[in-house]
Amino acid sequence: MEQNTRYIKELIKKDLLDKLTADERVILDAIRRQYDPEEYDDLEVEVLSSMEEPLPLGPLDDWHPDMDKIIKRGRAIERRTRNTRWTKYTAAAVALLVLTATALNWLEWTALDLDFEWRNRNLLQQASKKDIPFGESSCLLYAGDSTWIEINRESKGKITQVGNLLIARADDGVLHISQAAAEAQQTPKLDHIYLYTKPRQQCVVQLHNGARLRINAQTYLEYPIMQSADTAFIRLTGEAYVEAYNKNNKEMLHIAINKGKIWTQKASFYIRSNTDESKIMLRDGIATLYAENKIKGLRLTQCGDFGAITKLLSPKEGTAVDTLILAHNQDIEQAKQWTHKIRKYNDMPLTAFMHEMSRWEGFTIKNWDCIPKDKPITIAIPHTGGMDLIWAAIRERGVPLYQKNTLISFCEEDIRKDTKLAIAPDN
596 MEQNTRYIKE LIKKDLLDKL TADERVILDA IRRQYDPEEY DDLEVEVLSS MEEPLPLGPL
656 DDWHPDMDKI IKRGRAIERR TRNTRWTKYT AAAVALLVLT ATALNWLEWT ALDLDFEWRN
716 RNLLQQASKK DIPFGESSCL LYAGDSTWIE INRESKGKIT QVGNLLIARA DDGVLHISQA
776 AAEAQQTPKL DHIYLYTKPR QQCVVQLHNG ARLRINAQTY LEYPIMQSAD TAFIRLTGEA
836 YVEAYNKNNK EMLHIAINKG KIWTQKASFY IRSNTDESKI MLRDGIATLY AENKIKGLRL
896 TQCGDFGAIT KLLSPKEGTA VDTLILAHNQ DIEQAKQWTH KIRKYNDMPL TAFMHEMSRW
956 EGFTIKNWDC IPKDKPITIA IPHTGGMDLI WAAIRERGVP LYQKNTLISF CEEDIRKDTK
1016 LAIAPDN
């Protein structure tokens, strides 16, 4: 206990001397929250009393005002203004109304900017690789009865059974899809079940062969009811982080994506599949990406390997065809920031940042071509909600935008058309 107290006092001393490192700042903030305010104040007083070094100068510590001059100047002003004071009251009242309105508007933006700087600095210091807890996992399930079943943190145990697929939510929040004996009276009304995540939702799903997926907001997972014991076949539209364990050297995972598919026995990787793109980035293991109707695949074997299916002009065919693209040494941690409680982005292109934020928050970008290409973003955002931080970060980069409900536009004509709905940049 005595050693702990000495360590805490040493941190307090370094704090008073402005010598704390970023890591020590996080530790001291955590310690401070464990103390009663009065107890912590007593510790600071003890440290101050024992310090021999002078505290660092504040912005006014070396200022010594000329009090005689100030008093003389004040009396002169008082005499000069006494005779005209009453005649100016009416004008002053009117001016005060205008000034108050202006000041409130200025203070609103200034407070937002100061709050952004303070919060962003602290979030950047606190940002870690801790994922959003399984307990917050939630989604919608469509199992053939023409309605979507809401699955959230209150859902426990068996949700439903369709054919031989049992869907249940474990105590830790993971949604398990397992094989079970089909109920005699139950005849499946469809060939697949569907999972969907709304904005600000993520769902951690464990498949019947042990593979696990964390699916991001606004993502569809299609799961055929008829499955073999060792191989899981799914279709994904959206974004996910996948972990296939292959405990028995038998399990296979087959993921159908837009214009292609992914095969793996044992790997962890990030995947995005939309109408205009399909891509995968490997963290570990081995995964193979295939383009539609292609026999030869793209094999990813190293951390940071990146594969994509995109249309490129074929000299042989003279037209754009689906082509496999391979790159190495990509930043997998940046690609999976959306899985974290606090997402940290360093010099991220604004277009990529808006892609990620629009998926999570649920807003729509009117025209992606209007987004500036030379305004990277550095910011930390908690997953629980950070729209104010998003707008403040964009303003801090000097970029105006137009917002109406869930529609966002960076196009100049929209910003000029209705300046009341435009979020102005900093001057």
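Residue numbers (the working numbering): 596 to 1022. Even glycine gets a Cβ: it sits at the ideal position worked out from N, Cα and C.
From 974, 935, 933 and 727, pick the residue whose C-alpha is nearest to that of residue 945; which is it?
The candidate whose alpha carbon is nearest that of residue 945 is 974.
Member of 637, 612, 993 and 604 whose CA lies at the smallest distance from the CA of residue 623:
Of the residues 637, 612, 993 and 604, the one whose Cα lies closest to the Cα of residue 623 is 604.
Let me know the secondary structure DSSP gives residue 950 once reduced to three states.
Collapsing the DSSP output to three states places residue 950 in a helix.
Reference residue 966; option with closest CA among 979, 947, 983 and 958
Looking at 979, 947, 983 and 958, the one whose alpha-carbon comes closest to that of residue 966 is 947.
N-terminal and C-terminal residue of the beta strand (DSSP E) that residue 915 is part of
914-922 is the extent of the beta strand (DSSP E) around residue 915.
At what residues does the beta strand (DSSP E) containing residue 858 begin and finish?
855-869 is the extent of the beta strand (DSSP E) around residue 858.
Is it the case that the stretch 893-903 contacts the stretch 914-923, given that we only count it when at least three CB pairs across the two stretches are under 8 Å?
For the pair of segments examined, the stretch 914-923 was found to touch the stretch 893-903: the number of CB pairs separated by less than 8 Å reaches three.
Do residue 801 and residue 771 have their beta-carbon atoms positioned less than 9 Å apart in this structure?
The answer is yes: Cβ separation under 9 Å.
Could you check which residue in 821, 873 and 790 has the C-alpha nearest to that of residue 917?
Nearest option by C-alpha distance: 873.
In or out: residue 822 buried (at least 16 other Cβ within 10 Å) or exposed?
It counts as buried.
Do you know offhand how far residue 748's Cα is from residue 971's?
Near 36 Å, if we compare the C-alpha coordinates of residue 971 and residue 748.
For residue 627, which three-state DSSP category applies?
Three-state result, residue 627: helix.
Option nearest residue 983 by Cα separation, candidates 969, 1012, 952 and 1005
Of the candidates 969, 1012, 952 and 1005, the residue whose Cα lies closest to the Cα of residue 983 is 952.
Using a threshold of 9 Å, state whether the C-beta atoms of residue 726 and residue 950 are closer than that.
Contact: no.
With DSSP collapsed to three states, give me the class of residue 993.
Of the three classes helix, strand and coil, the one that applies to residue 993 here is coil, per DSSP.
When DSSP labels each residue in this structure, what does residue 900 get in the three-state scheme?
Correct three-state label for residue 900: coil.
Do the stretch 841-849 and the stretch 986-1000 meet, that is, are 3 or more Cβ pairs less than 8 Å apart?
The count of Cβ pairs closer than 8 Å, one atom from the stretch 841-849 and one from the stretch 986-1000, stays below three, leaving the stretches out of contact.
Per-residue DSSP class, three states only, for residue 927
Residue 927: helix per DSSP, three-state reduction.
With 16 as the cutoff for other CB atoms within 10 Å, does residue 742 come out buried or exposed?
Exposed is the call here.
Distance, residue 638 Cα to residue 630 Cα
So the two alpha carbons sit approximately 10 Å from each other.
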